[in-house]
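**Q** Here it is, the structure, as structure tokens.
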Amino acid sequence: MSGNWNEADHPREPKGSSKGGQFTDVDTISGAAAAAAIPDYVTKELRKEWVRRLSGLDHEVAILIDPDTAGRIYEQEGQRGRVDFDVKQRRAANNKVLLHNHPYSNSPFSVEDVKFFLRFNLKEMWVIASDYIFKMKKMPEMMTYFEMDWNEFVFRKAILYDDAFSSIFDRRADSSYYLDQLKKSTAKIRAFKELSKNYGWDFEWIKKEDYRGE
Ligand SMILES: [Zn+2]
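Just so you know, the working numbering puts 210 at position 164 of the sequence shown, and the rest follows in order with no gaps.
Here it is as structure tokens:
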């Protein structure tokens, strides 16, 4: 996922301005009243439905969800390795849950994903990978986008991956492509867990086959 966000191109509307943050779509099921009226088992089914929707695709798709109702605010089609958003879509992400898939991959969040998560103040970001569901959740004590040293972040992410890989596996290249991919994704998940502790957001992952809609 890529934002191509340039702060200078998008001056923010002051608080209370009628021009800011008004993007909604027609199929939103939103609001406290709707949330109160929707029983738990329905929202579970909706969450499972989004996971199904984002599984087995050959390109990226992103869905923005209202966390109170599990109702869809918008769905955006992307390409093989990215999905782009316009300004209104980015602003609408504030305090919402954004899901996207990583086709043919078990990698958790990319650097671009983390940047989007922090910059647009998501409540949660989910990645639907081939065999896993990954979740990042906003925590009160985590660093903000503007407090982050992004060069250091990229460096630390790479170092943690190397450390995780060499602590779990020996360095021999594996003869099996499948095993090689499995080793890499295992190390990536472990590295992202360490990274999450460093920066203060919550990170969870679950095997898709074990997912029950929570
Ligand atoms: Zn991504």
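A virtual CB, placed ideally from N, CA and C, is assigned to each residue, including glycine.
Mapping the DSSP letters down to three states, classify Gln-125 as helix, strand or coil.
**A** In the structure shown, Gln-125 sits in coil (DSSP, three-state: anything other than H, G, I, E or B).
**Q** Excluding sequence positions up to five away, which residues of its chain have a Cβ less than 6 Å from the Cβ of Glu-240?
**A** Leu-206
**Q** For ligand 1, is there any heavy atom lying closer than 6 Å to the beta carbon of Asp-195?
**A** For ligand 1, not one heavy atom lies less than 6 Å from the Cβ of Asp-195.
**Q** Use the C-beta contact count for Trp-172: other C-beta atoms within 10 angstroms, 16 or more gives buried, fewer gives exposed.
**A** It is buried - the Cβ of Trp-172 has at least 16 other Cβ atoms within 10 Å.
**Q** Does Met-182 pass the burial test, meaning 16 or more other C-beta atoms within 10 Å, or should it be called exposed?
**A** buried
**Q** Under the three-state reduction of DSSP, which class applies to Ile-84: helix, strand or coil?
**A** coil
**Q** Go to Glu-158, then tell me how far its alpha helix (DSSP H) extends in each direction, as first and last residue.
**A** 157-165
**Q** Give the DSSP-derived three-state secondary structure of Tyr-120 in the structure shown.
**A** strand
**Q** Considering only C-alpha positions, which residue in the set Gly-246, Ile-214, Ser-242, Asp-104 is nearest to Ser-231?
**A** Taking only the C-alpha atoms, the option nearest Ser-231 is Ile-214.
**Q** Please classify Ala-210: does DSSP put it in a helix, a strand, or coil?
**A** helix
**Q** Return the CA-CA distance between Ile-119 and Leu-110, expressed in angstroms with no decimal places.
**A** In this structure, the straight-line span from the alpha carbon of Ile-119 to that of Leu-110 is close to 5 Å.
**Q** First and last residue of the alpha helix (DSSP H) that includes Leu-144?
**A** Run containing Leu-144: none in the alpha helix (DSSP H); it sits in the beta strand (DSSP E), 143-147.
**Q** Beta carbon of Asp-159: closer than 6 Å to some heavy atom of ligand 1?
**A** yes
**Q** Taking only three categories from DSSP, how would you classify Asp-114?
**A** Coil at Asp-114, not helix or strand.
**Q** Buried or exposed for Tyr-178, going by 16 or more other Cβ atoms inside 10 Å?
**A** buried
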